[in-house]
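So the sequences go chain by chain: A and B.
Taking this note's numbering, the leading residue of the first sequence gets 1, the next gets one more, and so forth.
Taking this note's numbering, the leading residue of the second sequence gets 349, the next gets one more, and so forth.
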Amino acid sequence: MKPQIQQQNTNQNSQFWDPTGRLPNLEILEQNRQSILQKSQYWKENLSKITKKFNLIYVISFLIFSILIIFLQNFELFIPLIIVYFTIIAIFYAIVYTRLKSLKKDLIKIELANHKNWLYEPEKSSVLYQDYYRIFPEIFNLGEKFQNIEDVFWGNITRNSLNHSFVSGLFNYTYTVVERTKNGTRRKDVHCTDHFFILKLPKTISSRFYLFPKNLMNKFTNMFTKKNIQTESLEFNKRFSFSYQKAGNEVQIDIMTILSPRVIEELVNFSKVKEKNIFSNKSSLINGLEVLFTQNCVIFLTPGPLIEKLNVSISSQSLKISPEELKEVEELMNFYIDISTEISKYLN
Amino acid sequence: MELFLYIIPAVLILWIIIVYNSLISLKNQVQNSFSGIDVQLKRRNDLIPNLVNTVKGYATHERELFENITQIRTSMMNASNNSNIKELAKADDMMTSTLKTLFAVSENYPDLKANENFLNLQNQITRTEDQIAASRRIYNSNVMIFNSKIQVFPNNLVAQSLKFKEFEFFSIQESEKINPNVEL
């Protein structure tokens with residue numbers, strides 16, 4: 001993983017903003033963009049050749065082995081042979097499918113960044129993760145290893161006649177679970193991806209505080225730490241727990257002032273949309289919307305990646321992006337932009 | 349057997365205490381959300397005299413409209429002092445509607461539309477209107493939770509015997525809606 005965020009203040013990227021105060025190197029972003037485009041071009045041109053070759057080798061080798069088995073009259077080997085061959089074909093197509101899906105996601109995001117005049121970095125960066133973790137430990141303290149940031153957009157958007165800068169991306173992390181098996185215990189790595197969205201606020205807020213989904217455990221600890229703030233909304237109080245560093249009534253008064261009725265309402269609506277479905281297979285350490293209000297920005301962390309569903313088939317046609325697919329991702333981004341700018345508009 | 353004679357009343361008393369405490373907590377939160385509306389209404393009421401004075405300087409022929417606003421503001425303050433939710437909701441709706449008329453009227457006065465003070469007040473009032481609407485929704489949602497809680501069985505037994513009453517929603521019925529009669 002290469003460090004891609006470098007100090008650079010060219011005219012082109014100085015219009016963007018990053019909470020670290022450093023902006024991405026445009027040359028590296030362009031190189032990464034070109035690399036994705038080349039890869040997609042390669043797959044578009046060679047996918048049918050690769051699959052044809054694979055199928056041919058697969059069929060010929062299967063026939064050779066079958067003849068060998070018949071020749072040796074060892075028919076018991078037929079079932080293991082079939083199993084091995086089905087496994088190989090499944091692995092091959094799974095790899096191709098995953099590759100195409102990942103490329104398609106990148107292509108859609110590159111297209112969106114072009115269309116909106118945003119910057120886009122498809123590569124994973126553990127350096128950027130370290131920086132974000134240093135500034136926002138409340139949000140980026142998840143996982144035990146392999147933490148990194150990828151698919152980052154740096155953008156500007158005008159809402160309510162105000163220009164807003166934002167950063168949006170994916171936060172990957174891995175944690176280990178211990179599973180009980182018949183032979184004892186087994187350690188298993190679980191890989192997670194959550195989506196974060198950071199909006200620069202038009203004004204500075206006085207207190208730093210963190211909102212996270214309420215559960216039985218933190219309900220109990222809040223009783224002792226006395227950090228449970230009761231806002232005017234029962235629905236909000238039911239959904240969110242508070243965490244803040246400073247002690248005393250002043251912070252609580254500050255928080256109550258910042259959380260105006262419209263902000264409370266927007267956060268409740270946002271949380272309802274992003275509530276993790278307990279029956280889904282999404283692996284994430286968070287159960288719903290998490291929000292950090294800091295001095296000059298607000299950060300939202302939601303379970304799962306930005307694009308969850310994408311239609312991909314094993315054909316070169318699937319790398320073509322339809323206007324509907326682009327619109328769908330644009331709407332996903334607009335959802336975050338609209339809700340966060342609405343919240344920033346009504347912050348007291 | 350004798351043990352049950354002690355356990356059953358103890359469990360019953362404990363349950364009554366839990367239900368009573370949760371109802372009190374909910375009631376306090378509903379009242380707290382009502383104060384939220386009150387705070388926003390007061391904020392808007394504080395902005396109105398400035399707005400009226402600014403508009404008066406340009407729109408001298410809109411006397412009836414200014415009188416209407418002053419009258420509604422007074423009735424709103426009275427309703428707020430008496431915690432009369434129905435009257436307050438009615439006055440709030442009338443004020444919202446009258447302010448809309450005032451902003452529509454201001455379109456006829458280009459000098460007023462260009463006045464920075466007026467634009468600033470208009471912006472502040474619009475934002476406060478949004479906050480009032482949100483406060484009302486929050487209050488009504490809280491009232492719904494509280495009212496449901498005291499209506500369901502077996503909570504209704506405790507609520508009735510301890511004289512918990514349903515809260516009124518902060519809204520007025522369609523038939524009660526009065527549009528301010530202002531000629532444009």
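Note that beta-carbon positions come from the ideal geometry of N, C-alpha and C, so glycine has one too.
A quick note: this is a predicted structure, and the numbers were derived from the prediction, not measured.
- Query: What first and last residue would you give for the beta strand (DSSP E) that runs through V298 (chain A)?
  - Reply: The sequence position of residue 298 (chain A) within the first sequence is 298, counting from 1. Looking at the DSSP string, the run of the beta strand (DSSP E) that includes V298 (chain A) is 297-303.
- Task: Just the C-alpha distance for D386 (chain B) and Y368 (chain B), rounded to the nearest angstrom, thanks.
- Result: Counting from 1 along the second sequence, the entry for residue 386 (chain B) is found at position 38. Counting from 1 along the second sequence, the entry for residue 368 (chain B) is found at position 20. Cα to Cα, D386 (chain B) sits roughly 27 Å from Y368 (chain B).
- Task: Return the residue from the list A:I88, A:L68, A:R33, A:F153 that minimises the CA-CA distance to L103 (chain A).
- Result: Numbered from its first residue, the first sequence carries residue 103 (chain A) at position 103. Checking every option, the nearest Cα to that of L103 (chain A) belongs to A:R33.
- Does the distance from the CB of E266 (chain A) to the CB of I486 (chain B) come in under 9 Å? Counted from its first residue, the first sequence places residue 266 (chain A) at position 266. Counted from its first residue, the second sequence places residue 486 (chain B) at position 138. It is not a contact, given that the beta carbons lie outside the stated cut-off.
- Q379 (chain B) to F236 (chain A) span [Cα, whole Å]: Taking the first residue of the second sequence as 1, we reach residue 379 (chain B) at position 31. Taking the first residue of the first sequence as 1, we reach residue 236 (chain A) at position 236. Straight-line Cα distance between these residues: approximately 16 Å.
- From L306 (chain A) to I286 (chain A), what distance separates their C-alpha atoms? For the purposes of this step, residue 306 (chain A) is identified with residue 306 of the first sequence, where counting begins at 1. For the purposes of this step, residue 286 (chain A) is identified with residue 286 of the first sequence, where counting begins at 1. The alpha-carbon atoms of L306 (chain A) and I286 (chain A) are separated by roughly 15 Å.
- Query: By DSSP, does H115 (chain A) sit in helix, in strand, or in coil?
  - Reply: Working through the first sequence from its first residue, we reach residue 115 (chain A) at position 115. DSSP places H115 (chain A) in helix when its eight states are reduced to three.
- Query: At a Cβ threshold of 9 Å, is L436 (chain B) touching chain A?
  - Reply: As a position in the second sequence, residue 436 (chain B) is number 88, starting the count at 1. No, L436 (chain B) lies away from the interface with chain A (no Cβ there is under 9 Å from its Cβ).
- Can you tell me where the beta strand (DSSP E) with I67 (chain A) in it begins and where it stops? Along the first sequence, read from residue 1 onward, the residue named residue 67 (chain A) stands at position 67. That residue, I67 (chain A), is in no beta strand (DSSP E); its alpha helix (DSSP H) goes 26-72.
- Message: Within 10 Å of its beta-carbon, does Q252 (chain A) have 16 or more other beta-carbons around it, so buried, or fewer, so exposed?
- Response: Within the first sequence, the letter at position 252 stands for residue 252 (chain A). It is buried - the Cβ of Q252 (chain A) has at least 16 other Cβ atoms within 10 Å.
- Item | Own chain residues within Cβ distance below 8 Å of Y85 (chain A), not counting five before or after | For the purposes of this step, residue 85 (chain A) is taken as residue 85 along the first sequence, with counting starting at 1. Closer than 8 Å at Cβ, skipping near neighbours: Y58, F62.
- Indicate whether at least one CB of chain A lies closer than 9 Å to the CB of G384 (chain B). As a first step, residue 384 (chain B) must be located in the second sequence, where it is residue number 36. Closer than 9 Å to some Cβ of chain A, the Cβ of G384 (chain B) qualifies, so yes.
- Item | Residue from A:D131, A:H191, A:N269, A:E111 with nearest C-alpha to S322 (chain A) | Position 322 of the first sequence, counted from the first residue, corresponds to residue 322 (chain A). Of the listed residues, the one whose Cα sits closest to S322 (chain A) is A:E111.
- Item | Reduced DSSP category for S454 (chain B) - H, G, I as helix; E, B as strand; rest coil | Indexing the second sequence from 1 puts residue 454 (chain B) at position 106. In this structure, S454 (chain B) counts as helix in the three-state DSSP scheme.
- Query: Should R186 (chain A) be labelled buried (16 or more other beta-carbon atoms within 10 Å of its own) or exposed?
  - Reply: Numbered from 1 along the first sequence, position 186 holds the residue referred to as residue 186 (chain A). Result: exposed.
- Item | Distance CB(H164 (chain A))-CB(I337 (chain A)) smaller than 9 Å | Against the first sequence, residue 164 (chain A) aligns to sequence position 164. Against the first sequence, residue 337 (chain A) aligns to sequence position 337. The answer is yes: Cβ separation under 9 Å.
- Going by DSSP, which residues form a beta bridge with R186 (chain A)? Numbered from its first residue, the first sequence carries residue 186 (chain A) at position 186. DSSP lists A:E179 as partners of R186 (chain A).
- Message: Could you tell me the alpha carbon to alpha carbon distance between K274 (chain A) and N426 (chain B), rounded to whole angstroms?
- Response: By one-based count along the first sequence, residue 274 (chain A) stands at place 274. By one-based count along the second sequence, residue 426 (chain B) stands at place 78. Spanning the two alpha carbons is a distance of roughly 42 Å.
- Query: What is the DSSP secondary structure of Y406 (chain B), counted as helix, strand or coil?
  - Reply: The residue you call residue 406 (chain B) lines up with position 58 of the second sequence. Residue state, collapsed to three classes: coil.
- Would you list the one or two residues that DSSP bridges to E121 (chain A)? Taking the first residue of the first sequence as 1, we reach residue 121 (chain A) at position 121. DSSP, once it has assigned bridges, lists A:V152 as partnering E121 (chain A).
- Tell me whether Q377 (chain B) is buried or exposed, calling it buried when 16 or more other Cβ atoms sit within 10 Å of its Cβ. One-based indexing of the second sequence puts residue 377 (chain B) at position 29. Buried, by the Cβ-count rule.
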